[in-house]
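Chemist: Residue numbers for the sequence shown, in the numbering used here: 243 to 678. Yeah, the Cβ is synthetic: ideal placement off N, Cα and C, and Gly gets one too. Shown below is the structure under consideration.
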Amino acid sequence: MNFSLYNDHLFSFLFSSPTPFHAVTNISQHFVQHGFEQLQENTHWQLAKGHAYFLSRDNGAIIAFIVGADESYEEGFRMLAAHTDSPCLQIKPQPENKTGSFLQLGVEVYGGALLSPWFDRDLSLAGRICCRTSDDSLSVYLVNFNRPLLFIPSIAIHFDREANKNSSINQQKHLPPIISQALDNQFPDFKKLLIEQIHKEYGQAAIAEILSFDLFCYDFQKPTYTGAKNEIISSARLDNLLSCHAGMLALGKAARSKNILFYCANHEENGSTSTSGAQGSFLEATIERIIAATTPRRIALSNSFLVSMDNAHAAHPNFMEKIDATHEIHLNKGPVIKINANQRYASNSLSTAIYKQICREADITPQEFVMRSDLPCGSTIGPIVSANLGVRTVDIGAASLAMHSIREHTGTMDPFLLFRSIEHYLKSNAHKHVKN
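Right, here's the structure in full:
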């Protein structure tokens, strides 16, 4: 696979995964197509060497693993981790707000979103709906309106002459998107719209009542190339579906000879504290079921290595004062190792050296990112998983611009270079050849 075909597949994955629920569904379908067996947390498992498995939790997190035919559990796992969520606008439970002739939907900001780019965009709606059916059972539906449906209009500059100098966004007042204008003084019923969408996607489901939902606004513009030579990718949700996609393809292609585990958590963008987040029990509980005995499990974790993947900051040409000049990161120059003295990233000298060795074997040159000492540093799920499991970890990611905006940017080569590095990692023994 060359980078062009790889990016075609990435673009399709990004656009068809507007929410964590859709991302996990798409990842699950990919693994089914590649011969993985689906497991359920509430059933007993019978695992066999040389076989591959996956399971999900709360529709938003997924774990896939291979029980290596040629390795014992105690030899450890080659682990990959990423997260499925992205900053966005989430619809409130009772969202309808009639103002003038317009129907608006109340929203909360999910995660650390950059808000101004959400104005004047073609927004759609997707997520999970929980319903009571006619026989009084509960059913869950994933929906995606998959068309421009909402918009948040800016205030004309004639009403705010200082808008380009000093403009603040009140999340309660300024962010509710418009979904409809009243025709003949009649507003559409939002829940009826949701039921119609369920019927459109699932047929005439016997829905008695919508009980609750997790619905998110998303940018309807498709991923695309930009730049004079198509050297840049522009898309929503590059953070962090780019990494989920790389891990999905790498594991799907991996041989069944080695122990491998791939973990995609939800809720990283708002703290990871949930049943499907990295602070939850999903990963640790799954590993306990793979290796039930305490001592062999602890030996396995001690011999394991984790590559935590989350996008990294490239140097912004308009804000070069925001970077550490000796750690200048560029698009299309290879995966980025993320380092922080206060352990906001899990990389240390040993895990960094191991990943550099993996990249050397794959003929890839990584970059190293450190935040300016006078600016706060973000974090990833790497430190959480590393601390909870005691697994040696390196934090890496594809270089990007406009992180947490509605549209983010990365280099045309960057997703493929990240994939190549972890594809090789799943075959490499670099993490085993460490002399302490």
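Measure the beta-carbon distance from residue 307 to residue 503 and round it to whole angstroms, keeping in mind my assumption that it falls under 8 Å.
Modeler: About 4 Å; that satisfies the 8 Å criterion.
Chemist: From the DSSP output, which residues share a beta bridge with residue 490?
Modeler: Beta-bridge pairing links residue 490 to no other residue.
Chemist: Can we count residue 511 as close to the ligand FAD, meaning its CB is less than 6 Å from some heavy atom?
Modeler: This structure lacks the ligand FAD, and indeed carries no ligand of any kind.
Chemist: In whole angstroms, what is the alpha-carbon distance linking residue 610 and residue 677?
Modeler: In a straight line, the C-alpha of residue 610 is about 24 Å away from that of residue 677.
Chemist: Looking only at its own chain, which residues have a Cβ that is under 8 Å from the Cβ of residue 389, when we skip the five neighbours before and after it?
Modeler: So the qualifying residues of the chain are 366, 462.
Chemist: Looking at residue 319: is its Cβ nearer than 7 Å to the Cβ of residue 523?
Modeler: In this structure, residue 523 does not lie closer than 7 Å to residue 319 by Cβ.
Chemist: Considering only their Cβ atoms, is the gap separating residue 621 from residue 588 smaller than 7 Å?
Modeler: No, the Cβ-Cβ distance between residue 588 and residue 621 is not below 7 Å.
Chemist: Quick check on residue 359: does DSSP put it in helix, strand or coil?
Modeler: Note: residue 359 maps to helix in three-state DSSP.
Chemist: Give me, in chain order, the residues of the same chain whose beta-carbon lies closer than 8 Å to that of residue 579; leave out the 5 immediate sequence neighbours on both sides.
Modeler: Closer than 8 Å at Cβ, skipping near neighbours: 589, 594, 597, 598, 608, 609, 610, 611, 636, 637, 638.
Chemist: Do you know whose CA, among 663, 647, 329, 477, lies nearest residue 688's CA?
Modeler: Given a span of 243 to 678 for the chain in the structure shown, any question on residue 688 remains unanswerable.
Chemist: Straight-line CA distance for residue 280 to residue 531?
Modeler: About 15 Å.
Chemist: Are the beta-carbon atoms of residue 268 and residue 254 separated by less than 7 Å?
Modeler: The answer is no: Cβ separation not under 7 Å.
Chemist: As a quick exercise: from 287, 405, 371, pick the residue whose alpha carbon is nearest that of residue 455.
Modeler: Closest by alpha carbon: 371.
Chemist: State the start and end residues of the unbroken beta strand (DSSP E) segment that holds residue 246.
Modeler: No beta strand (DSSP E) holds residue 246; the alpha helix (DSSP H) holding it covers 245–257.
Chemist: Please give me, in chain order, every unbroken run of the alpha helix (DSSP H) with length at least 4 that falls completely inside the stretch 489–543.
Modeler: List check, alpha helix (DSSP H) in window: 524–532.
Chemist: Between which two residues does the alpha helix (DSSP H) holding residue 335 run?
Modeler: From DSSP, residue 335 is part of no alpha helix (DSSP H) but of the beta strand (DSSP E) over 330–341.
Chemist: Is the distance from the Cβ of residue 324 to the Cβ of residue 482 below 7 Å?
Modeler: Cβ atoms of residue 324 and residue 482: closer than 7 Å.
Chemist: Should residue 327 go down as buried or exposed, given a rule of 16 or more other Cβ atoms within 10 Å for buried?
Modeler: Buried, by the Cβ-count rule.
Chemist: Leaving out five residues on either side along the sequence, give the residues of the same chain with a beta carbon under 6 Å from the beta carbon of residue 464.
Modeler: 257, listed in sequence order.
Chemist: Give me whichever residues DSSP pairs with residue 635 in a beta bridge.
Modeler: In DSSP, residue 635 forms a bridge with 548.
Chemist: Can you list, in chain order, the residues of its chain with a C-beta nearer than 6 Å to that of residue 625? Leave out the 5 residues immediately preceding and following it.
Modeler: The residues are 585, 588.
Chemist: Can you find at least 3 beta carbon pairs, one from the stretch 467–487 and one from the stretch 279–294, that sit closer than 8 Å?
Modeler: No, because fewer than three Cβ pairs between the stretch 467–487 and the stretch 279–294 fall closer than 8 Å, the two stretches do not touch.
Chemist: Using CA coordinates, which residue listed in 643, 498, 555 is at the minimum distance from residue 724?
Modeler: There is no way to answer for residue 724, as the model of the chain reaches only from 243 to 678.
Chemist: List the endpoints of the continuous alpha helix (DSSP H) containing residue 594.
Modeler: From DSSP, the alpha helix (DSSP H) with residue 594 extends over 591–603.
Chemist: List, from N- to C-terminal side, the alpha helix (DSSP H) runs of 4 residues or more that fit wholly inside the stretch 427–487.
Modeler: For the stretch 427–487, whole alpha helix (DSSP H) runs of length 4 or above, ordered along the chain, are 432–444.
Chemist: Looking only at its own chain, which residues have a Cβ that is under 6 Å from the Cβ of residue 421, when we skip the five neighbours before and after it?
Modeler: Same-chain partners within the cutoff: 345, 347, 392.
Chemist: Helix, strand or coil for residue 315? Go by DSSP, reduced to three states.
Modeler: In the structure shown, residue 315 sits in a helix (DSSP, three-state: H, G or I).
Chemist: Roughly how many whole angstroms lie between the Cα atoms of residue 558 and residue 541?
Modeler: Cα-Cα distance, rounded: 44 Å.
Chemist: Answer yes if the stretch 490–506 comes into contact with the stretch 310–319, meaning at least three C-beta pairs across the two stretches below 8 Å, and no otherwise.
Modeler: In short, these stretches touch, since the Cβ pair count reaches three.
Chemist: Find the nearest neighbour of residue 419 within the set 431, 332, 451, judged by alpha-carbon distance.
Modeler: Of the listed residues, the one whose Cα sits closest to residue 419 is 332.
Chemist: Spell out the partners DSSP gives residue 620 in its beta bridges.
Modeler: Answer by DSSP bridge pairing: none, since residue 620 is not bridged.
Chemist: Going by the DSSP bridge assignment, what does residue 425 pair with across the sheet?
Modeler: Answer by DSSP bridge pairing, in chain order: 428.
Chemist: Looking at residue 641: is its Cβ nearer than 7 Å to the Cβ of residue 573?
Modeler: Yes, they are a contact pair.
Chemist: Take the Cβ of residue 632 as the centre, count every other Cβ of all protein chains shown within 10 Å, and call the residue buried at 16 or more, exposed below.
Modeler: Exposed, since its Cβ has fewer than 16 Cβ neighbours within 10 Å.
Chemist: Identify which residue in 653, 518, 665, 412 has its Cα closest to the Cα of residue 469.
Modeler: Ranking 653, 518, 665, 412 by Cα distance to residue 469 puts 653 first.
Chemist: Where do the N-terminal and C-terminal ends of the alpha helix (DSSP H) with residue 415 fall, by residue?
Modeler: Looking at the DSSP string, the run of the alpha helix (DSSP H) that includes residue 415 is 413–416.
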